[in-house]
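**Student:**
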Ligand SMILES: [Zn+2]
C-alpha cells in the first residue's frame with residue numbers, strides 16, 4: 034500500500050479498471066493527464082468507480098487543488114494507453130479550469146501538481162526529465178496514442194514543471210503553497226435571479242435565456258461557473274451573472290406571533306414560573322414581552 038500524504042482522500046477505482054502490481058517495474062516516471070473537464074478530485078474519481086470503465090489513474094487533482102488517490106501506487110492504473118509507461122509511471126489526472134481552447138489549469142491545481150510530483154520524486158528517488166520522448170521521466174499521454182491529452186496548456190508547461198520540481202528537490206526553490214479553496218457565500222438551496230447569461234459546462238453557450246430564476250443544486254468549488262441551477266436545466270452560472278438571491282429556508286421552526294403564544298401560556302401549555310420562562314426563551318421568544326401581554330389579557 035502506497036499513498037502520498039498530500040492526498041486528502043481515497044476514491045478507490047473499481048478493480049475492473051486497473052491491474053494489480055507493476056510487473057516488477059520500479060516507479061521512475063510521472064505522467065500528468067488532463068480531465069478535459071472542470072471537476073473536483075472526488076468527482077473525477079467517481080468516473081473510475083464505474084465497473085468496466087477500462088480507465089483509471091493513480092491520482093486526481095481537482096480544480097480547487099484538492100488531491101485524491103484512485104489507484105494505490107503499487108498498482109498499474111490504466112491511464113496512458115501504454116502498459117510499459119503505466120507500469121513505471123504514477124499517473125495524475127488534472128482538472129481543467131475551463132473547457133476548450135488550450136484547456137487551461139488553475140493555479141491551485143498547478144501548485145498541487147508541483148507538490149505531488151516533488152513528493153513522488155522524493156519517495157522514489159528520481160528527478161523529472163522532460164525530453165519530449167517516452168524515455169524521459171516526465172511523459173505525456175499523446176506520446177502513446179492519438180489524443181489531445183494533456184491539452185495544450187499542460188503540454189506547453191511540462192518543461193516548466195520539470196524545472197520547478199527539480200529546483201525544489203535541489204532546495205533552490207520553496208514548494209508553492211496550495212491556496213485554500215475559495216469559499217462561496219451562496220449555498221445549495223439558495224434561489225437566485227440571474228441577468229440572462231446561462232452557461233453550459235463552463236462554455237458560453239446559452240441554455241434557456243427565457244428564464245431568469247433558479248435554485249442552486251450543486252456547487253463545484255474552484256470552477257469558473259461554480260453554481261449549477263435546477264440540476265442543469267438552467268446550466269452553470271457564477272457570481273457575476275447573479276443579480277439577486279434569497280437564502281434557502283433554514284430549518285428553524287417558524288415562530289408564532291406573540292398573541293398566539295400568550296394564549297397558549299394562558300392555557301397552561303408553557304408551564305409556570307421559571308420553567309415557563311426557560312421554555313419561552315429557549316424557543317426564541319421574548320419572555321418579558323409575552324408575560325406582559327399575558328398579564329394584560331388576564332386583567
Ligand atoms: Zn490522458
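Residue numbers (my numbering): 34 to 332. For every residue, glycine included, the Cβ atom is placed at its ideal position computed from N, Cα and C. Keep in mind that this is a model prediction, so the values were computed, not measured.
(1) Going by DSSP, name the residue or residues bridged to residue 126.
(2) Who are the Cβ neighbours of residue 330 in its own chain at under 8 Å, not counting the five residues just before and after it?
(3) Specify the secondary structure class of residue 101 as computed by DSSP and reduced to three states.
(4) In chain order, what residues place their C-beta within less than 5 Å of a heavy atom belonging to ligand 1?
(5) Please state the DSSP three-state secondary structure of residue 155.
(6) Have a look at 276, 65, 118 and flag the residue whose alpha-carbon is nearest the alpha-carbon of residue 181.
(7) Evaluate residue 60 with the Cβ neighbour count: other Cβ atoms within 10 Å of its Cβ, from every protein chain shown; 16 or more gives buried, anything less gives exposed.
(8) Ignore the nearest five residues each way along the sequence and tell me which others in residue 197's own chain have a CB closer than 6 Å to its CB.
(9) Within the chosen definition, does the region 108-120 reach the region 42-54 through at least 3 CB pairs nearer than 8 Å?
(10) Looking at the secondary structure, which residues open and close the beta strand (DSSP E) in which residue 249 lies?
(11) Would you kindly check if the distance between the Cβ of residue 70 and the Cβ of residue 97 is under 9 Å?
(12) Could you pull the DSSP bridge partners for residue 225 from this structure?
(13) Candidates 142, 224, 116: which alpha carbon is nearest residue 177's?
(14) For the 8 Å Cβ check, are there 3 or more pairs between the region 39-50 and the region 157-166?
(15) Helix, strand or coil: how does DSSP classify residue 109 here?
(16) Considering residue 78, what are the terminal residues of the alpha helix (DSSP H) in which it resides?
(17) Could you check the C-alpha separation between residue 120 and residue 253 for me, to the nearest Å?
(18) Keeping to the same chain, check which residues put their C-beta closer than 7 Å to that of residue 317; ignore five residues upstream and five downstream.
**Tutor:** Taking the definition as stated:
(1) 66, 93
(2) 295, 296, 299
(3) strand
(4) 66, 174, 182
(5) helix
(6) 65
(7) buried
(8) 147
(9) yes
(10) 246-252
(11) no
(12) 247, 278
(13) 116
(14) no
(15) strand
(16) 74-80
(17) 33 Å
(18) 288
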